[in-house]
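Novice: Before anything else, here's the structure in question.
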Amino acid sequence: MNAINQTFAIGGEQHVNRLGYGAMRLSDQPGNFGSYPNWEQGKMLLRKAVEFGVQFFDSARAYGPQWVDKIIADALHPYAENVFIATKGGVDKFAPDRIVTDGRPATITAQIDSALDNLKTEQIDLFQLHRVDPRVPIEESVGAIEQAREQGKLRFIGLSNVNKDQLDRALTAAPIASVQNRFNQAEAADAALVDYTAELGIAYIPYGPLGAHPMRQGASLPTQSALAWLLRRSPNIIVIPGTTSTEHLKQNAAIWQNF
Ligand SMILES: NC(=O)c1ccc[n+]([C@@H]2O[C@H](COP(=O)([O-])OP(=O)(O)OC[C@H]3O[C@@H](n4cnc5c(N)ncnc54)[C@H](OP(=O)(O)O)[C@@H]3O)[C@@H](O)[C@H]2O)c1
60 MNAINQTFAI
70 GGEQHVNRLG
80 YGAMRLSDQP
90 GNFGSYPNWE
100 QGKMLLRKAV
110 EFGVQFFDSA
120 RAYGPQWVDK
130 IIADALHPYA
140 ENVFIATKGG
150 VDKFAPDRIV
160 TDGRPATITA
170 QIDSALDNLK
180 TEQIDLFQLH
190 RVDPRVPIEE
200 SVGAIEQARE
210 QGKLRFIGLS
220 NVNKDQLDRA
230 LTAAPIASVQ
240 NRFNQAEAAD
250 AALVDYTAEL
260 GIAYIPYGPL
270 GAHPMRQGAS
280 LPTQSALAWL
290 LRRSPNIIVI
300 PGTTSTEHLK
310 QNAAIWQNF
């Protein structure tokens, strides 16, 4: 008998292993801008991740931009039944340091359609609002995602970079299945939201689980204890360490497998 649950049911329905994979770094570095230079190697890494037990893959329109969704599709499509792809919209990237937040409903709707093409799918497993556009009420951005969900274009809705108030407001517009915020052993200011999402049955997906920052390479925390700490912290946490190394992927998977 395991001491912790190895899976979490997203939306109360879709069980995924709690070891996921953050795919942001499968783009050109630094700045996550451009296609991954070792495309075939990146595809092999994604396939290895599946072999090691990864089911939840985290991507976003802003990664590449669009290139990370495309490499995931190139590597994993047609998708195995238990492979679960999460992408995001509402943020786009026009240069390594030019990131634009646009949460207007028409933009979100167009980005969902484009993600369907990039991921070569008829239904996105989880579409996350990447961040809240201060010019657009969150209910309107989430309302556009909900409309796409009702049309069958996506299965679950997630939020990223939100606080409790924004989550509560979003919940008035749509069912919310996940929250993705920065949270790790050394940066645990979001602890109350972790507990709140657990109470609501919402997945909590901590980004930067190893303490790395998007524009800089390298984990700043001892990786084994950082992942173990998150997996123990709350049963609704799905970890998404990012790596471009098969060896690191294997090490990260071993931590989850040994629980
Ligand atoms: N929602 C948001 O706003 C947001 C923002 C940032 C990130 N994210 C998501 O969160 C995911 C994870 O974040 P992240 O990639 O920035 O940071 P991270 O997972 O904390 O750390 C990634 C770094 O750790 C290294 N690493 C991974 N496993 C290792 C191991 N076993 N031993 C030693 N080093 C190891 C990787 O280098 P190697 O390549 O050499 O292994 C990489 O440089 C992203 O991929 C993305 O999907 C979301």
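Heads up: the sequence shown begins at 60 in my numbering, then just goes up one per residue.
All C-beta atoms, glycine included, are put in the ideal place defined by N, C-alpha and C.
In its own chain, which residues sit with a C-beta less than 7 Å from the C-beta of LYS309, not counting the 5 before and 5 after it?
Specialist: Result list for LYS309: PHE111, in chain order.
Novice: Reducing DSSP to helix, strand and coil, say where ASP184 ends up.
Specialist: Reduced to three states, the DSSP call for ASP184 is strand.
Novice: Between the segment 112-129 and the segment 168-178, can you find at least three pairs of beta-carbon atoms closer than 8 Å?
Specialist: The segment 168-178 is in contact with the segment 112-129.
Novice: Pick from LEU185, GLU205, ALA251, GLU72: whose alpha carbon is nearest that of ALA145?
Specialist: Closest option to ALA145, Cα to Cα, is LEU185.
Novice: Would you decide whether MET60 is buried or exposed? Buried here means 16 or more other CB atoms lie within 10 Å of its CB.
Specialist: Confidence at MET60 is low in this model, with a pLDDT of 36, below 50, so the placement of that residue should be treated as unreliable; the coordinate-derived value is given next. Under this definition MET60 is an exposed residue.
Novice: Let me check understanding here. Comparing Cα to Cα, which of GLY70, ALA257, SER200 lies closest to ILE167?
Specialist: Residue SER200 is the option with its Cα nearest to ILE167.
Novice: So who's on the other strand from ASP151, going by DSSP bridges?
Specialist: Its beta-bridge partners are VAL159.
Novice: Would you mind sorting ASN311 into buried or exposed? The rule is 16 or more other CB atoms within 10 Å of its CB.
Specialist: Answer is buried; the Cβ neighbour count reaches 16.
Novice: If you run the structure through DSSP and keep just helix, strand and coil, what is SER279?
Specialist: Coil at SER279, not helix or strand.
Novice: On the CB-based measure, 16 or more other CB atoms within 10 Å of its CB, does ASP249 come out buried or exposed?
Specialist: With 16 or more Cβ atoms within 10 Å of its Cβ, ASP249 is classed as buried.
Novice: Under 7 Å from any heavy atom of ligand 1, does the C-beta of TYR263 make it?
Specialist: For ligand 1, not one heavy atom lies less than 7 Å from the Cβ of TYR263.
Novice: Does the beta carbon of GLN310 fall short of 7 Å from some heavy atom of ligand 1?
Specialist: Correct: GLN310 has its Cβ closer than 7 Å to ligand 1.
Novice: So, with DSSP's three-state summary, where would you put HIS74?
Specialist: The answer is strand: DSSP assigns HIS74 an E or B state.
Novice: Note the first and the last residue of the continuous beta strand (DSSP E) segment covering ASP128.
Specialist: ASP128 -> not in any beta strand (DSSP E); alpha helix (DSSP H) instead, spanning 126-135.
Novice: Would you identify the three-state DSSP class for THR303, choosing helix, strand or coil?
Specialist: Three-state DSSP puts THR303 in coil, outside helix and strand.
Novice: Is SER304 near ligand 1 - that is, is its Cβ less than 7 Å away from at least one heavy atom of it?
Specialist: Yes - ligand 1 has a heavy atom lying nearer than 7 Å to the Cβ of SER304.
Novice: Looking only at C-alpha atoms, which of ILE130, PRO294, ASN243 sits nearest to ALA271?
Specialist: Ranking ILE130, PRO294, ASN243 by Cα distance to ALA271 puts ASN243 first.
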